[in-house]
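Enquirer:
In the numbering used here, the protein residues as written are -5 to 235.
What follows is the structure, given as structure tokens:
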């Protein structure tokens, strides 16, 4: 991994030049449309030092402006396998038929993002698939991203995996466009051993019903926009493994 602390003259978007890393925002050249995310949590035994998660994600993106490079958020705790980053162009009926060759991948630690440089430019008004085939991170008790919680049952401490993605901690779980403007739809798969309790499906089912119930009960429609990141957080909160 190449780590750099400053970003200048990035992308082909004329609105993004000479930004310092603290002020850096992703160029508006690519927009995520759909995430196909898979996460597997490993809480083996009762030793928190051995707890970790791994996963993969394929992101369907739309190119609005031709570019030979783009940026994707990922926290430095996330160990991304660079040799498993792939990109392909989508043709008619979403059939992938051409591979986009990647020239270089570098990481900017202060801005928490990868810069992916391509050998040929992406075409405007075109959809592409970007795949991160493997990433992994250790888990701890910090209440950020995907973290460890514990509870006491019959005098014995048990562990569970919880999530907190706001305001910008989705990037600590998977590579993504982690800014409010980049909303997208998700397919979210969480793997767990058959003998463990999984509440993600329960949250997905009951969360929508609860919102409708309170709207009817108080006679007041929910006033805030239903954001994609909020939906992801609700689906993944309190996944017992």
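For every residue, glycine included, the Cβ atom is placed at its ideal position computed from N, Cα and C.
1. Looking at the structure shown, is residue 224 part of a helix, part of a strand, or coil, going by DSSP?
2. Opposite residue 142 in the DSSP bridges: which residues?
3. Contact check, residue 142 vs residue 110 under 8 Å by CB: the rounded distance?
4. Does DSSP put residue 210 in a helix, in a strand, or in coil?
5. To the nearest angstrom, how far is the alpha carbon of residue 265 from that of residue 56?
6. I'd like the span of the beta strand (DSSP E) that includes residue 128, first residue to last.
7. Could you tell me the distance, in whole angstroms, from the CA atom of residue 81 to the CA atom of residue 25?
8. Since residue 114 and residue 93 are thought to touch, with beta carbons under 8 Å apart, how far apart are those beta carbons, to the nearest angstrom?
9. Hey, residue 31 and residue 129: beta-carbon distance below 7 Å or not?
10. Look up residue 249 in the DSSP assignment and say whether it is helix, strand or coil.
11. When you compare each of 206, 156, 174, 58 to residue 23 by their alpha carbons, which one comes out closest?
12. Touching or not, the stretch 62 to 69 and the stretch 160 to 168, by the rule of three or more beta carbon pairs under 8 Å?
13. If you check the beta carbons only, do residue 173 and residue 20 fall under 7 Å apart?
14. Using a Cβ-Cβ distance under 7 Å, would residue 116 count as near chain B?
15. If you check the beta carbons only, do residue 124 and residue 53 fall under 7 Å apart?
16. Going by DSSP in three states, residue 77 sits in which element: helix, strand or coil?
17. Residue 63 lies in the beta strand (DSSP E); which residues open and close that run?
Expert: The short version:
1. Confidence is the limiting factor: at residue 224 the pLDDT is only 45, short of 50, which leaves the residue's position unreliable, though a coordinate-based value still follows. When secondary structure is reduced to three states using DSSP, residue 224 falls in the helix class.
2. Per DSSP, 155.
3. Contact doesn't hold; Cβ gap of about 31 Å is too wide.
4. In the structure shown, residue 210 adopts helical secondary structure according to DSSP, grouped into three states.
5. Because the chain is modelled from -5 through 235, residue 265 falls outside the range shown and cannot be assessed.
6. Here the beta strand (DSSP E) through residue 128 covers 120 to 132.
7. Residue 81 and residue 25: Cα-Cα distance of roughly 14 Å.
8. In fact, because the Cβ distance is near 10 Å, the residues do not count as touching under 8 Å.
9. Against a cut-off of 7 Å, the Cβ pair of residue 129 and residue 31 comes out as no contact.
10. Because the chain in this structure spans residues -5 to 235, residue 249 falls outside the shown range and cannot be described.
11. From the listed residues 206, 156, 174, 58, the smallest Cα separation to residue 23 is found for 58.
12. As far as the Cβ criterion goes, the stretch 62 to 69 touches the stretch 160 to 168, which means the pair count is three or higher.
13. A distance below 7 Å separates the beta carbons of residue 173 and residue 20.
14. In summary, chain B is missing from the structure at hand, where a single protein chain is found.
15. It is a contact, given that the beta carbons lie within the stated cut-off.
16. Under the three-state reduction of DSSP output, residue 77 falls in the helix class.
17. Taken as a continuous stretch (DSSP letters only), the beta strand (DSSP E) holding residue 63 covers 61 to 67.
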